[in-house]
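The block underneath contains the structure these notes are about, expressed in structure tokens.
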Amino acid sequence: AQRVTQPEKLLSVFKGAPVELKCNYSYSGSPELFWYVQYSRQRLQLLLRHISRESIKGFTADLNKGETSFHLKKPFAQEEDSAMYYCALQNSGNTPLVFGKGTRLSVIA
Amino acid sequence: DAGVIQSPRHEVTEMGQEVTLRCKPISGHDYLFWYRQTMMRGLELLIYFNNNVPIDDSGMPEDRFSAKMPNASFSTLKIQPSEPRDSAVYFCASSLVGTGVGYTFGSGTRLTVV
């Protein structure tokens, strides 16, 4: 069965400090992994996907198949990064996303 | 396009009442998803449709929950009768081809059952 685990419900960091939001998955095949973000009072929106290997708003995420992880990282946190972050997995193009329970990131000035 | 539109934004109802949540997907999208968001369980998939046909409703918690998609531009999620444990934020999302990159979420409906 597919499962996405985000071990931290809440992560607080100081502005300018590095950030790492953890995500581990369980799936026997080759999944597609995504990070979605939900800012206060806004809808969920796609932040990045592993296939594109891009950096969005300074965030990056590398898929580690050996550790089945897809951690989200940013070298220097900013206050506007405070939000709810969801890691999601999809096993093929026609199946729904499976989400983790989310991690609330709080960046302290 | 105004994006995925959900109504109402907030709903407060008494236990036992019927609740209907509405969703208008993005025109041209062929997949529609209903998710429920709670602190304890995060985002759970309730049901999804492809070309207006329900594909998987295994996430619907009980028979009290039902969803319909009578046409490509409208879907409803109904809870009858509602219970306090149904209190959550309900999100609708639509996509083309079902890929994660194409998911567009609505603003959600915050349901409170008292």
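Line order of the protein sequences matches chains A and B.
Be aware that the first sequence starts at 23, since it is given in our numbering, and climbs by one per residue.
Be aware that the second sequence starts at 2, since it is given in our numbering, and climbs by one per residue.
Just so it is clear, CB atoms sit at the ideal spot from N, CA and C, and this is done for glycine as well.
Keep in mind it's a predicted model, so treat the numbers as computed, not measured.
Task: Cβ-Cβ distance between L47(B) and F66(B) below 8 Å - done: Here residue 47(B) is taken as the residue at index 46 of the second sequence, counted from 1. Here residue 66(B) is taken as the residue at index 65 of the second sequence, counted from 1. Yes.
CB contact check: L44(B) to chain A, cutoff 8 Å: Stepping through the second sequence from its first residue, residue 44(B) is reached at position 43. With 8 Å as the cut-off, L44(B) counts as an interface residue toward chain A.
Item to check | Validate contact between the segment 44-53 of chain A and the segment 11-20 of chain B using beta carbons, cut 8 Å, 3 pairs | outcome: no
What residues in the segment 59-71 of chain A have a beta carbon less than 9 Å from any beta carbon of chain B? Q60, R63, Q64, R65, L66, Q67, L68, R71
Nearest to T105(B) (by Cα), restricted to the options L127(A), P118(A), R126(A):
As a first step, residue 105(B) must be located in the second sequence, where it is residue number 104. T105(B) has its Cα closest to that of P118(A), out of L127(A), P118(A), R126(A).
In this structure, does DSSP put R65(B) in helix, strand or coil? Counted from its first residue, the second sequence places residue 65(B) at position 64. It is coil, neither helix nor strand.
Q | Beta-bridge partners of K87(A), as assigned by DSSP | A | The residue given as residue 87(A) occupies position 65 in the first sequence. None, per the DSSP bridge assignment.
Exercise for review: Run the CB neighbour count on E42(A), radius 10 Å, all protein chains shown included, and call it buried at 16 or more, exposed below.
Suggested key: Your numbering for residue 42(A) matches position 20 in the first sequence. Label assigned to E42(A): exposed.
Could you confirm whether any beta carbon from chain B is found closer than 8 Å to the beta carbon of G51(A)?
Here residue 51(A) refers to the residue found at position 29 when the first sequence is read from its first residue. With 8 Å as the cut-off, G51(A) does not count as an interface residue toward chain B.
Establish whether the CB of Y108(A) and some CB of chain C are separated by less than 8 Å. No chain C is part of this structure, whose protein chains are labelled A and B.
- Drop a sphere of 10 angstroms on the beta-carbon of Q112(A), count the other beta-carbons inside from all chains shown, and report buried for 16 or more, exposed for fewer. Here residue 112(A) is taken as the residue at index 90 of the first sequence, counted from 1. Under this definition Q112(A) is a buried residue.
Residues sharing a beta bridge with K123(A), DSSP:
Counting from one through the first sequence, the residue named residue 123(A) turns up at place 101. For K123(A), which the question treats as bridged, DSSP gives no partner whatsoever.
### Query
What does G109(B) touch in chain A if you count any residue whose Cβ is under 8 Å from its own?
Locating residue 109(B) in the second sequence gives position 108, counting from the first residue. Near G109(B) (Cβ distances below 8 Å), the residues of chain A are R65.
Is there a Cβ of chain B sitting closer than 8 Å to that of P29(A), yes or no?
The residue given as residue 29(A) occupies position 7 in the first sequence. Chain B contact via Cβ: absent.
Q: Express the C-alpha separation of G38(A) and L78(B) in angstroms, rounding to a whole number.
A: By 1-based counting over the second sequence, the position of residue 78(B) is 77. By 1-based counting over the first sequence, the position of residue 38(A) is 16. Cα to Cα, the separation comes out at about 43 Å.
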